[in-house]
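Position one of the sequence shown corresponds to residue 336 (the numbering used here), numbered consecutively onward.
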Amino acid sequence: MSSSQEEYSSDEESIYDSNESHKSKVLLGFADGPITEDDQPILEDTFIGGQPIWLHPESKPKEDYLICDRCGKKLALLLQAFSPLDGALYDRVLYIFGCKNGQCAKQKGSVKAIRGINKSDEVAKRIKEELDGIKVKEMEDKLKSEQSKKLNDELTKNLFNKDTSGNNPFGGSNPFAKNDNPFSSGSSNPFANAKEAKTTNASTKTPQSYAEVAKTAPKSPKRESQKLQGDLPQYNGSFVYVDSEKFRNDKDEDAQLAKYKHLIEENDAPEEGASSKRRGSSSSAVLDPQTTKISNMLDDKYFENFSSTVKHNPGQVLRYDLNGKPLLYNGKDDVAKAFLTSSGQPNIPRPGYNPSSERRFELQLMPKAIMDLEGLDRENVDIKDILNGMSWGTIIVCTDVEDYIREEDLDENKVGYVQEWCGVQWEESA
336 MSSSQEEYSS DEESIYDSNE SHKSKVLLGF ADGPITEDDQ PILEDTFIGG QPIWLHPESK
396 PKEDYLICDR CGKKLALLLQ AFSPLDGALY DRVLYIFGCK NGQCAKQKGS VKAIRGINKS
456 DEVAKRIKEE LDGIKVKEME DKLKSEQSKK LNDELTKNLF NKDTSGNNPF GGSNPFAKND
516 NPFSSGSSNP FANAKEAKTT NASTKTPQSY AEVAKTAPKS PKRESQKLQG DLPQYNGSFV
576 YVDSEKFRND KDEDAQLAKY KHLIEENDAP EEGASSKRRG SSSSAVLDPQ TTKISNMLDD
636 KYFENFSSTV KHNPGQVLRY DLNGKPLLYN GKDDVAKAFL TSSGQPNIPR PGYNPSSERR
696 FELQLMPKAI MDLEGLDREN VDIKDILNGM SWGTIIVCTD VEDYIREEDL DENKVGYVQE
756 WCGVQWEESA
C-alpha cells in the first residue's frame, strides 16, 4: 500500500537530520489503512473519519455536543484519539467533530472538540495491573542488563590474564544458551499493540502508540458493542499511526514554496501603463484571486513557518504535543491572537466546568486529513465534493490541565464527556 509512511522506511533514514538540535518532541499521526467492514477500530485506536466509539456502548455525549450550532444537523467525526495521561487510572479519548454542510464553514459551533473519560472500577483495576506489570518488566530488564554487564566484565578480564593451562577463554558452554532464561524474547508482552500495523514498513520497526504518554497504553479486548453504527454522518475512515517528528536534510528551507515565486514576482510587477503595483489592486484580485491569496499567505511569517515545517513530513494528519505549542496556520486571525500574547501565555478561556483551572494545548488536526477524510486522493472524485468540502487550515484543541470532570457529569457507568476549547484556523478567502 502506498502511503506517506514510506518516508519512514529504514532505507531512507539518512534523509533525516540526525542533529540533536533538530529533534522534536512532537508526535505526528499519519493515515494508515482504511477502516472497512472487516477491519474496524477499537477504543484504543486513533483514527480519522468513520463512526465514533464511545467509552461505553450505553454512554454517549450530550446531544448538543454532536449538533452543529449553525444548521442544527448532526456533526461528523473528524478524529478520535485514544490519549490516556501518564499514570492516570482511567481511559481517556479526545474527539473532534465537524459539520459536513459547506455553508457552515467559518461559523462558530460548526467544529467541536469533546474529551471523554471512563473512571469505572474495572478500568482502574485493569490499568493498575498493567502499570504494575510495566514496573516488573522494567526491573527485569534492569536485572538482565546488570547480569550481562557483570558477565561481560568477567570475560573481558580473562582476556588479559595469562592462561598457563592452555584453556580457551571462549570455549565451553554458552552461558546465554539456556532455554530457561526468564528474560528471553519469547516472553509475552502485555503492552504490545492490540492491532498490528497495516503497512509494510511498520513490520521493520517497533510500533508506536498514539502519543508519548500512551505508548504503553492499556489494551482491552475488542468488543463489537463499542461501535456506534450509522448514527452520525461520516467521512471516509482511516486508522492513524504515530511516529516522532523528523526533519529532512533539505538545505533549502523554502523548497516547498519555490513553485509560487513566479506568481509573487508577477503580482509585484508594475502593470503596463500604470505606476502602482498589482498587489492589492481590485483588478488583480478579480483577474487572479488565487495569486492574491497565495501572496497574502506568503506575507505571513507564521504561514511560511507552517509550510516549511510541514514539508518535512507532508503526510501528517495530526500533531500531538501535550503542554507544547500549536503550529499556527496564520498569525492574523483570532485563534492566532489567543496564542500570540505579550505575556507568552495563551489566552484560552478557562473551562466552564472547572473555572479555577486552565487549558493547555494538546493536539491539532492538519490539512492533509481533509484529503483522506473526503477521499480526494482517489480516482473519479466528484468536483462537487471538492467545492463543498472542508476549508480549514488546522484545528487546534486545548484541554483542561487538571483533566477534570465533575462527579455529577459521570453516568452510572462512570463515563463522562465535556466540551473542550477548539480553535479553527480557516483558509483565507480570496
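Glycine included, each C-beta is placed from N, C-alpha and C at the ideal position.
| task | Within its chain, find whatever has a CB closer than 8 Å to the CB of Phe518; leave out the 5 residues flanking it on each side and keep chain order. | result | Indexing the sequence shown from 1 puts residue 518 at position 183. Legend: pLDDT at Phe518 = 42, less than 50; position of this residue unreliable, value from coordinates given subsequently. These residues qualify, in order along the chain: Glu475, Asp476, Leu478 and Lys479.
| said: I believe Leu663 touches Leu414 by the beta-carbon criterion, under 8 Å. Please report the beta-carbon distance rounded to the nearest angstrom. | reply: Numbered from its first residue, the sequence shown carries residue 663 at position 328. Numbered from its first residue, the sequence shown carries residue 414 at position 79. At roughly 19 Å, the Cβ-Cβ gap does not stay under 8 Å, so Leu663 and Leu414 are not in contact.
| query | My guess is that Pro385 and Leu412 are in contact by the Cβ rule of under 8 Å, so how many angstroms apart are they, rounded? | reply | Walking along the sequence shown from the start, residue 385 turns up at place 50. Walking along the sequence shown from the start, residue 412 turns up at place 77. Before going further, note that residue 385 is Gly rather than Pro in the sequence given. With a Cβ gap of about 6 Å, Gly385 and Leu412 count as contacting.
| message | Pairs of beta-carbons, one from the stretch 363 to 378 and one from the stretch 397 to 406, closer than 8 Å: are there three or more? | response | no
| request: Classify Pro419 as buried or exposed, calling it buried when 16 or more other Cβ atoms lie within 10 Å of its own Cβ. | output: Taking the sequence shown and counting its residues from 1, one reaches residue 419 at position 84. The residue is buried, with at least 16 neighbouring Cβ atoms inside 10 Å.
| query | Secondary structure at Lys477, three-state DSSP: helix, strand or coil? | reply | Looking up residue 477 in the sequence shown gives position 142. Helix, per DSSP.
| query | Excluding sequence positions up to five away, which residues of its chain have a Cβ less than 6 Å from the Cβ of Arg450? | reply | Residue numbering aside, residue 450 sits at position 115 when the sequence shown is read from its first letter. Closer than 6 Å at the Cβ level, and outside the excluded window around Arg450, lie Leu429, Thr734, Val753 and Glu755.
| said: Considering Cα atoms alone, identify which of Leu567, Lys636, Pro649 and Gly751 is closest to Arg583. | reply: For the purposes of this step, residue 583 is identified with residue 248 of the sequence shown, where counting begins at 1. Selected option, being the one with the closest Cα: Pro649.
| Residue interval of the beta strand (DSSP E) (run including Tyr430) | The residue you call residue 430 lines up with position 95 of the sequence shown. Unbroken beta strand (DSSP E) run through Tyr430: Asp426 to Gly433.
| message | Can you tell me whether Leu378 is helix, strand or coil according to DSSP? | response | Along the sequence shown, read from residue 1 onward, the residue named residue 378 stands at position 43. Three-state DSSP puts Leu378 in coil, outside helix and strand.
| Cα-Cα, which of Ala366, Tyr688, Ile452 and Lys435 is closest to Leu390? | In the sequence shown, counting from the first residue as 1, residue 390 sits at position 55. Ranking the options by Cα distance to Leu390, first place goes to Ile452.
| task | Let me know if Pro681 comes out buried or exposed under the rule of 16 or more other beta-carbons within 10 Å of its beta-carbon. | result | What you label residue 681 is simply residue 346 of the sequence shown in a count that begins at 1. Buried, because 16 or more other Cβ atoms sit within 10 Å of the Cβ of Pro681.
| message | Can you tell me which residues form a DSSP beta bridge with Tyr798? | response | Past the boundaries of the shown model lies residue 798; the chain is included only from 336 to 765, so the question cannot be answered.
| Selected residue, minimal CA-CA separation from Trp727, among Asp744, Lys703 and Asp374 | Taking the sequence shown and counting its residues from 1, the one referred to as residue 727 is at position 392. Of the listed residues, the one whose Cα sits closest to Trp727 is Lys703.
| message | Per DSSP, what are the beta-bridge partners of Lys409 in this structure? | response | By 1-based counting over the sequence shown, the position of residue 409 is 74. Ile402, per the DSSP bridge assignment.
| Expressed to the nearest angstrom, what Euclidean distance is found between the alpha-carbon atoms of Leu567 and Leu410? | Locating residue 567 in the sequence shown gives position 232, where the first residue counts as 1. Locating residue 410 in the sequence shown gives position 75, where the first residue counts as 1. If I take the Cα positions, the gap works out to 7 Å.
| In angstroms, rounded to a whole number, what distance separates the CA positions of Asp707 and Thr381? | Start at 1 with the first residue of the sequence shown, and residue 707 comes out as number 372. Start at 1 with the first residue of the sequence shown, and residue 381 comes out as number 46. In a straight line, the C-alpha of Asp707 is about 14 Å away from that of Thr381.
| Pick from Pro376, Gly422 and Phe638 that is closest to Ala416, judged by C-alpha positions | Locating residue 416 in the sequence shown gives position 81, counting from the first residue. Minimum Cα distance to Ala416 is reached at Pro376.
| Between the Cα of Gly751 and the Cα atoms of Tyr425, Phe574, Lys408 and Gly710, which residue gives the shortest distance? | Residue 751 sits at position 416 when you count from the first residue of the sequence shown. Nearest C-alpha to Gly751: Tyr425.
| query | Since Thr729 sits in a beta bridge, which residues does DSSP pair it with? | reply | Within the sequence shown, the letter at position 394 stands for residue 729. The partner list for Thr729 (beta bridge, DSSP) reads Gln760.
| field | Span separating the alpha-carbon of Val458 from that of Gly364 | value | On the sequence shown, position 123 is the one that residue 458 refers to. On the sequence shown, position 29 is the one that residue 364 refers to. Each residue's Cα considered, the two are about 26 Å apart.
| request: Please report how far the alpha carbon of Arg654 lies from the alpha carbon of Lys581, in whole angstroms. | output: Locating residue 654 in the sequence shown gives position 319, where the first residue counts as 1. Locating residue 581 in the sequence shown gives position 246, where the first residue counts as 1. Those two C-alpha atoms are separated by around 12 Å.
| task | Ignore the nearest five residues each way along the sequence and tell me which others in Glu762's own chain have a CB closer than 8 Å to its CB. | result | Locating residue 762 in the sequence shown gives position 427, where the first residue counts as 1. Hits under 8 Å: Ser726, Trp727 and Gly728.
| task | Quick one: measure Cβ to Cβ for Val575 and Ala366, integer angstroms, because I've assumed they're closer than 8 Å. | result | What you label residue 575 is simply residue 240 of the sequence shown in a count that begins at 1. What you label residue 366 is simply residue 31 of the sequence shown in a count that begins at 1. Confirmed, Cβ separation roughly 6 Å.
| Status (buried if at least 16 other CB within 10 Å, exposed otherwise) for Lys460 | Along the sequence shown, one-based indexing puts residue 460 at 125. When all chains shown are included, Lys460 counts as exposed.
| Cβ-based burial, Val759 [other Cβ within 10 Å; buried from 16] | The sequence position of residue 759 within the sequence shown is 424, counting from 1. Looking at its Cβ environment, which holds 16 or more other Cβ atoms inside 10 Å, Val759 is buried.
| Ser692 and Val736 closer than 8 Å at C-beta | Walking along the sequence shown from the start, residue 692 turns up at place 357. Walking along the sequence shown from the start, residue 736 turns up at place 401. Yes; because the gap between Cβ atoms is below 8 Å, this pair is in contact.
| Nearest-angstrom Cα separation, counted from Val652 out to Gly433 | As a position in the sequence shown, residue 433 is number 98, starting the count at 1. As a position in the sequence shown, residue 652 is number 317, starting the count at 1. Going by the C-alpha atoms only, they are around 15 Å apart.
| task | From the DSSP output, in three-state form, read off Ser677 for me. | result | In the sequence shown, counting from the first residue as 1, residue 677 sits at position 342. Coil, per DSSP.
| field | Buried/exposed call for Leu711, threshold 16 Cβ in 10 Å | value | Reading the sequence shown from its first residue, position 376 is the one you call residue 711. Exposed, since its Cβ has fewer than 16 Cβ neighbours within 10 Å.
| query | Skipping 5 residues on each side, what residues in its chain have a beta carbon closer than 8 Å to that of Ile402? | reply | The residue given as residue 402 occupies position 67 in the sequence shown. Closer than 8 Å at the Cβ level, and outside the excluded window around Ile402, lie Lys408, Lys409 and Leu410.
| field | C-beta atoms of Lys454 and Leu745 nearer than 8 Å | value | In the sequence shown, the residue the question calls residue 454 occupies position 119. In the sequence shown, the residue the question calls residue 745 occupies position 410. Contact flag set, yes.
| task | Please name the residue, chosen from Cys439, Lys443 and Tyr637, that lies closest to Phe674 on a Cα-to-Cα basis. | result | On the sequence shown, residue 674 is found 339 positions in, with the first residue counted as 1. Comparing Cα positions, the closest option is Tyr637.
| query | Between Lys646 and Glu709, what straight-line distance do the alpha-carbon atoms span, to the nearest angstrom? | reply | Stepping through the sequence shown from its first residue, residue 646 is reached at position 311. Stepping through the sequence shown from its first residue, residue 709 is reached at position 374. Computed Cα separation, rounded: 21 Å.
| Where does the unbroken alpha helix (DSSP H) through Ile705 begin, and where does it stop? | As a first step, residue 705 is located in the sequence shown; it is residue number 370 there, counting from the start. From DSSP, the alpha helix (DSSP H) with Ile705 extends over Lys703 to Glu709.
| Within 10 angstroms of its Cβ, does Leu486 collect 16 or more other Cβ (buried), or is it exposed? | Numbered from its first residue, the sequence shown carries residue 486 at position 151. Result: exposed.
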